[in-house]
Amino acid sequence: MVHPLAVLSSDPWRALSQLVDGPLHPGGVDATETLLSRAGVDGGTRLLDIGCGAGDAMALARDRGARAIGLDRDPRVSAVVRADLTAFPFEERCFDVVLGECVLCLSPDLEETLRESARVLEPGGRLALSDVTVSGQLPEMPPPIDDLLCLDGPREQTDICRHIEHVGFEIDDVRTHPEALLAMRDRLLEPLDTERLIAALGDRGTQLRDGANDLEAAIETGQIGYVSIVATHRP
Ligand SMILES: C[S@@+](CC[C@H](N)C(=O)[O-])C[C@H]1O[C@@H](n2cnc3c(N)ncnc32)[C@H](O)[C@@H]1O
């Protein structure tokens with residue numbers, strides 16, 4: 045039998061998508077609608093959703109009349125381009141909005157993802173992101189928690205904003221969403237029978253439970269946060 049931890053570690057987001065319905069980011073559909081409005085997505089907007097997952101945001105954008113294309117390394121719906129976050133297979137200046145919800149933290153190279161976003165956007169095009177932030181040094185988290193949150197790399201809100209500006213964007217608007225992150229935590233943990241899972245994991249169960257407790261504490265104190273950012277491409 046495949047070890048449950050191996051399943052979670054090999055592709056944590058795919059494993060989670062089988063546990064919960066709907067968008068895999070804090071705030072769900074309402075957060076996406078707000079972000080699309082802030083980025084001015086409406087009829088005729090050419091939108092690229094990077095790390096689009098099951099395609100929920102693309103559907104919402106299309107409901108507004110936008111022409112939406114999704115990119116993911118693991119397409120779960122048709123009409124999604126299979127590609128990596130560091131190399132978008134599109135011409136320069138062919139989108140008005142690049143959307144990335146809960147995905148920047150998963151990029152193997154954050155600055156390259158931002159550079160690619162700038163490259164495919166028209167001048168004046170908007171980048172609309174939401175992502176996990178970390179302030180200060182977190183306690184070491186066991187896998188797959190560390191993989192899920194991608195806790196290494198630039199995770200301070202100010203670092204993320206600095207990288208966005210560095211590749212040619214001007215930041216329009218930054219909002220933080222502590223309640224959405226707490227609600228997401230409850231949504232992900234609710235369907236899990238934690239005690240059974242820990243029992244199935246044997247020795248590593250205790251380590252995982254301690255890591256989960258540290259994670260909860262960091263979310264409660266705001267050390268781990270969630271931010272949304274809209275920026276305009278000014279090459
Ligand atoms: C947290 S989910 C978010 C999905 C969607 N944006 C949402 O909010 O529901 C992250 C998505 O990014 C994709 N992903 C992770 N790393 C990637 C990479 N290096 N290149 C392309 N897609 C990637 C995963 O397959 C997954 O669908």
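Numbering (the numbering used here), first residue to last: 45 to 279.
Note that CB positions come from ideal geometry on N, CA and C, so glycine has one too.
Source: prediction; values computed, not measured.
Rounded to whole angstroms, what is the Cα-Cα separation between residue i and residue j?
i, j, result
"I263", "L225", "8 Å"
"M185", "M228", "19 Å"
"T220", "T250", "32 Å"
"G180", "Y270", "15 Å"
"S122", "T89", "20 Å"
"L68", "D190", "17 Å"
"R160", "V124", "According to the sequence shown, residue 160 is Glu rather than Arg. Straight-line Cα distance between these residues: approximately 17 Å."
"A297", "A172", "The chain is shown only over 45 to 279; residue 297 falls outside these bounds and no answer can be derived."
"A131", "T157", "7 Å"
"R137", "S81", "21 Å"
"R253", "L182", "16 Å"
"L74", "A275", "Note that residue 74 is Asp in the sequence shown here, rather than Leu. D74 and A275: Cα-Cα distance of roughly 20 Å."
"E209", "A103", "29 Å"
I believe residue i touches residue j by the beta-carbon criterion, under 8 Å. Please report the beta-carbon distance rounded to the nearest angstrom.
i, j, result
"C146", "R199", "Actually they do not touch by this definition, with Cβ atoms about 13 Å apart."
"G212", "A243", "G212 to A243, Cβ: 52 Å. No contact."
"L129", "G97", "Not a contact, Cβ separation roughly 13 Å."
"S151", "L79", "Rounded, the Cβ-Cβ distance is 18 Å, inconsistent with contact."
"L154", "H207", "6 Å"
With 16 as the cutoff for other CB atoms within 10 Å, does residue i come out buried or exposed?
i, result
"H277", "buried"
"D116", "buried"
"R120", "exposed"
"M45", "Caution applies to M45, whose pLDDT of 44 falls short of 50 and renders its modelled position unreliable; the value that the coordinates give is listed next. Exposed: under 16 other Cβ atoms inside 10 Å."
"A261", "exposed"
"V85", "buried"
"D230", "exposed"
"V164", "buried"
"G99", "buried"
"G114", "buried"
"P188", "buried"
"D313", "Past the boundaries of the shown model lies residue 313; the chain is included only from 45 to 279, so the question cannot be answered."
Among the options, which residue has its Cα nearest to the Cα of residue i?
i, options, result
"S71", "F132, D118, L232", "Note on identity: in this sequence residue 71 is Gly, with Ser being the wrong assignment. Looking at the Cα atoms, L232 is the closest of the given residues."
"T177", "Q267, T78, H69", "Q267"
"L192", "P279, D216, A256, E209", "A256"
"T83", "V73, R170, G144, L252", "The displayed chain sequence assigns Ala, not Thr, to residue 83. Among V73, R170, G144, L252, the Cα nearest to that of A83 belongs to R170."
"T265", "A243, P222, G246, R240", "P222"
"D217", "R206, E209, E239, I273", "I273"
"T76", "L182, V142, D247, R240", "V142"
"G144", "L252, L92, P279", "L92"
"G109", "C205, G87, R240", "G87"
- Item | beta strand (DSSP E) runs wholly inside the region 59-128, at least 3 long, in chain order | Secondary structure within the region 59-128: the beta strand (DSSP E) runs of 3 or more consecutive residues, fully enclosed, are 90-94, 111-116, 124-126 (chain order).
- Item | Residue ranges of each beta strand (DSSP E) within the region 187-255, 3 or longer | Those beta strand (DSSP E) runs which fall completely within the region 187-255 and span 3+ residues are 213-220.
- Tell me the start and end of each unbroken alpha helix (DSSP H) in the region 121-185 that is at least 4 residues and wholly inside, in chain order. Those alpha helix (DSSP H) runs which fall completely within the region 121-185 and span 4+ residues are 154-164.
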